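For reference, the structure is listed below as structure tokens.
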Amino acid sequence: MTPSFGILTAPMNVGYDEILRVWREADTVPEIEHAWLFDHLMPIGGDPDGPIFEGWTLLAALAAQTRRMRLGLLVTSNRFRPPAMLAKIATTVDIVSGGRLDFGIGAGSRPSHPLARREYDGHGLPYHSQDDAVAALAEACTVIRRLWTEDEPFDFEGEHVELKGAFGNPKPVQRPHPPIMIGGRASATLRVVAEHADLWNIPGGGDIEDLAARSRLLDRYCAEIGRDPQEITRSIFLPVDYDKPALTKEKIAEAAGAGFGHIVLGLANPYPDGVVRWVADELIRSWS
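1 is the number of the first residue of the sequence shown in UniProt numbering; add one for each residue after it.
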């Protein structure tokens with residue numbers, strides 16, 4: 001199996017013009033099939049008080065500036081936006097992009113990550129337990145899919161989401177809906193992946209056997225609910241070391257060998273001139 005390759009540009013401590021330059025270049029490089037941002041409200045690396053862009057707003061701008069690549073957020077924090085509002089935002093981006101959105105979503109940042117935790121306090125957002133966040137994620141996925149697909153208004157009453165007369169209009173370009181990518185490694189999250197996801201993403205770069213074990217656990221959860229695990233594409237995020245391309249190629253080979261068919265290569269800023277063509281030449285063409 002030949003993986004599909006994409007890039008991620010973290011929109012923190014960098015200018016819009018620089019991100020736009022990289023995405024425009026990537027859109028001309030056939031080996032790059034998808035491009036991603038992340039979803040944080042304050043930097044989680046580098047200068048903690050530096051600039052950072054809101055993910056969905058920036059994604060809409062980049063969707064209008066590109067033509068070919070699929071695009072998304074790796075991944076949206078379900079803690080930041082009410083799910084019905086998120087469904088509307090994602091629909092707008094899918095329409096702006098001409099049907100190129102991959103809808104990434106997750107439970108939200110780990111409580112153990114202090115630089116991620118502060119963005120909730122800094123924006124007046126509630127921060128609940130991980131169990132609570134995973135349960136809310138499952139309800140959000142249900143509601144968002146219904147808003148994308150149902151032709152009549154509906155009510156929804158869950159433990160975390162309550163809607164009355166909910167209705168999505170317009171619908172996304174992609175039918176029945178944009179592919180849903182869920183990110184995470186916790187067992188409870190993987191149960192939500194088994195039920196709702198078309199793609200599953202996990203951070204890589206460490207012990208590949210640990211990641212493969214998570215993938216096998218997902219297989220088991222799929223079997224428990226009668227779903228074919230092959231329906232869920234396995235996605236992995238791998239950081240790129242510009243100075244050690246051989247190391248990155250080794251990680252790509254490990255991931256592909258473990259069944260990860262969707263590889264997102266994280267680009268560190270400052271971005272060298274021609275960075276995407278370098279990625280294609282040094283990491284993708286030479287590996288494959």
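Cβ atoms here follow ideal geometry from the backbone N, Cα and C, with glycine treated the same way. Model, not experiment: these values are computed from the prediction.
Excluding the 5 residues flanking residue i on each side, which residues of the same chain have their C-beta closer than 8 Å to its C-beta?
i, result
"G55", "P11, L37, F38, D39, H40, L73, T76"
"G122", "L41, M42"
"H113", "I44"
Residue i bridges to which residues according to DSSP?
i, result
"A35", "I7, L71"
"E157", "E162"
"P239", "G266"
"W200", "I182, R234"
"I52", "M12"
"S77", "G106"
What's the C-alpha gap between residue i and residue j?
i, j, result
"I284", "I105", "27 Å"
"R100", "R146", "20 Å"
"A197", "F53", "27 Å"
"G6", "L265", "6 Å"
"L217", "A133", "20 Å"
"A136", "H160", "6 Å"
"F154", "A246", "53 Å"
"D273", "E250", "24 Å"
"A258", "A186", "19 Å"
"E25", "F156", "43 Å"
"D241", "D219", "31 Å"
"A61", "V279", "24 Å"
"R118", "G50", "14 Å"
"Y221", "K88", "30 Å"
Could you pull out every residue in the same chain whose Cβ sits closer than 6 Å to the Cβ of residue i, ignoring the five residues on either side in sequence?
i, result
"A90", "F103"
"V93", "L59, A60, A63, L101"
Starting from the C-beta of residue i, find all residues in its chain whose C-beta is less than 7 Å away, skip the five residues before and the five after it, and write them out in chain order.
i, result
"I252", "L238, I263, L283, W287"
Using 6 Å as the cut-off, classify the Cβ of residue i as near or not near the heavy atoms of the ligand HEM, replying yes or no.
i, result
"W148", "Among the components modelled here there is no ligand, and therefore nothing to report on the ligand HEM."
Discussion item. Ignoring anything shorter than 4 residues, give me the alpha helix (DSSP H) runs that lie fully in the region 88-144, in order along the chain.
Written reply: 114-122
Worksheet item: Is there contact here, the region 116-134 with the region 201-220, by at least three beta-carbon pairs under 8 Å?
Response: no
Worksheet item: Are the region 232-247 and the region 189-205 touching by the rule of at least three beta carbon pairs closer than 8 Å?
Response: yes
Item to complete: Inspect the CB distances between the region 185-194 and the region 219-236 and report whether three or more fall short of 8 Å.
Response: yes
Discussion item. Is it the case that the region 179-186 contacts the region 156-167, given that we only count it when at least three CB pairs across the two stretches are under 8 Å?
Written reply: no
Item to complete: At 3 residues or longer, and completely inside the region 202-231: list those beta strand (DSSP E) runs for me, N to C.
Response: none
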